[in-house]
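Numbering (my numbering), first residue to last: 1 to 218.
Ideal Cβ positions, reconstructed from N, Cα and C, are used throughout, including at glycine.
For reference, the structure discussed in these notes is given below.
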Amino acid sequence: MLKAVLFDMDGVIVDTEPLHRKAYFKMFEEMNIPVSEALYTSFTGQSTLEICQTLVSTFSLTQTPQSLVVCKRKHFKYLFEHDNPLQLLPGVLELIQDYYHNGLTLVLASSASMTNINRIFDRFDLNKYFVAKLSGADLAKSKPHPEIFIKAAQASGHSKAQCMVIEDSTNGIAAAKSAGIFCVGYNSLHSEDQDYSLADKVVGDFRELGFERVKGWV
Numbered sequence: 001m002l003k004a005v006l007f008d009m010d011g012v013i014v015d016t017e018p019l020h021r022k023a024y025f026k027m028f029e030e031m032n033i034p035v036s037e038a039l040y041t042s043f044t045g046q047s048t049l050e051i052c053q054t055l056v057s058t059f060s061l062t063q064t065p066q067s068l069v070v071c072k073r074k075h076f077k078y079l080f081e082h083d084n085p086l087q088l089l090p091g092v093l094e095l096i097q098d099y100y101h102n103g104l105t106l107v108l109a110s111s112a113s114m115t116n117i118n119r120i121f122d123r124f125d126l127n128k129y130f131v132a133k134l135s136g137a138d139l140a141k142s143k144p145h146p147e148i149f150i151k152a153a154q155a156s157g158h159s160k161a162q163c164m165v166i167e168d169s170t171n172g173i174a175a176a177k178s179a180g181i182f183c184v185g186y187n188s189l190h191s192e193d194q195d196y197s198l199a200d201k202v203v204g205d206f207r208e209l210g211f212e213r214v215k216g217w218v
């Protein structure tokens, strides 16, 4: 029986992808890195550090990955504070509240930095619903490596067999399945060029994931 839900954040709880995209491409421009659309799309779900390590390796850059991270986060911080206001994705707050009031344990497992996670959670008052928040930026490997979901399941206090992941990216779904956890692929209008073939279920609307419907899925 379902006891815990492990949420991704970007593309599931809030659509920060447009801000991340702007921040990355401002960093690419500042650092003179010719990143194609295909290469950028392949990064979805990975941590900023791993992306920057790939950039340094791929383009034989003289800059360090850490310096690229600092540059990207500088641009993201500015955009977060000055760009179009962010909103939670439609229906996700109601879903979180539905799970919380039905006694499910909620854990966040995101590739975002803890600084960005806290920005979102403080802005939308989400901390009261979640028992733990994990950042892939604090781990040795990011998605598609399963470490973050293995640790998220441990943080929930329940077995992996009693957990469900909600993810929107190819790398996130692969990570959940590699961890041996039931995974729902959230295929929203904000999710582009992602592969949902490994997901156990695929939905396009959070109303399809109400507690009464999902409680017997695992």
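Exercise. Can you list the alpha helix (DSSP H) stretches of 4 or more residues lying completely in the region 31-80, in chain order?
Worked result: Assignment of alpha helix (DSSP H) within the region 31-80, counting only whole runs of 4 or more residues, yields 37-42, 48-59 in chain order.
Exercise. Any idea what DSSP makes of Asp-122, helix, strand or coil?
Worked result: Here residue 122 is taken as the residue at index 122 of the sequence shown, counted from 1. If DSSP states are grouped into helix, strand and coil, Asp-122 belongs with the helices.
For this session: Measure from the alpha carbon of Ala-176 to the alpha carbon of each residue in Ala-152, Ser-156, Phe-25, Ser-188, then state which is nearest.
Result: Here residue 176 is taken as the residue at index 176 of the sequence shown, counted from 1. Cα-wise, what sits closest to Ala-176 is Ala-152.
Exercise. Quick one: any contact between the region 68-75 and the region 95-102, if contact means 3 or more CB pairs under 8 Å?
Worked result: no
For this session: Within the region 140-189, note down every full alpha helix (DSSP H) run reaching 4 residues or more, in order along the chain.
Result: Within the region 140-189, the complete alpha helix (DSSP H) segments of 4 residues or longer fall at 147-156, 170-178, listed in chain order.
Exercise. Nearest to Thr-115 by alpha carbon, out of Leu-106, Met-9, Val-5?
Worked result: Working through the sequence shown from its first residue, we reach residue 115 at position 115. With distances taken between Cα atoms, Thr-115 lies closest to Met-9.
Problem set entry | Glu-50 to Ser-142 span [Cα, whole Å] | Counting from 1 along the sequence shown, the entry for residue 50 is found at position 50. Counting from 1 along the sequence shown, the entry for residue 142 is found at position 142. Each residue's alpha carbon lies about 7 Å from the other.
Exercise. So, Cys-183 versus Ala-161, is the Cβ gap smaller than 8 Å?
Worked result: Stepping through the sequence shown from its first residue, residue 183 is reached at position 183. Stepping through the sequence shown from its first residue, residue 161 is reached at position 161. No, the Cβ-Cβ distance between Cys-183 and Ala-161 is not below 8 Å.
Exercise. Quick one: what's got a C-beta closer than 8 Å to Leu-86's C-beta in the same chain, skipping five residues either side?
Worked result: Here the question's residue 86 lines up with position 86 in the sequence shown. These residues qualify, in order along the chain: Val-14, Asp-15, Thr-16, Leu-19, Phe-80, Ile-120, Arg-123.
For this session: For Gly-185, count neighbouring Cβ atoms within 10 angstroms of its own Cβ and tell me buried if that reaches 16, exposed if not.
Result: For this step, residue 185 is matched to residue 185 along the sequence shown. By the 10 Å Cβ count, Gly-185 comes out buried.
Exercise. Under three-state DSSP, which class holds Val-214?
Worked result: Position 214 of the sequence shown, counting from 1, holds the residue named residue 214. Val-214 falls in the helix class under three-state DSSP.
Problem set entry | Leu-221 (DSSP reduced to helix, strand or coil) | Because the chain in this structure spans residues 1 to 218, residue 221 falls outside the shown range and cannot be described.
For this session: Report the three-state DSSP secondary structure of Ala-199 (helix, strand or coil).
Result: In the sequence shown, the residue the question calls residue 199 occupies position 199. The answer is coil: DSSP assigns Ala-199 none of H, G, I, E or B.
Exercise. From Tyr-24 to Met-1, what distance separates their C-alpha atoms?
Worked result: By one-based count along the sequence shown, residue 24 stands at place 24. By one-based count along the sequence shown, residue 1 stands at place 1. Computed Cα separation, rounded: 41 Å.
Exercise. Name the DSSP bridge partner or partners of Ala-137?
Worked result: Within the sequence shown, numbered from 1, the residue matching residue 137 stands at position 137. In DSSP, Ala-137 forms no bridge with anything.
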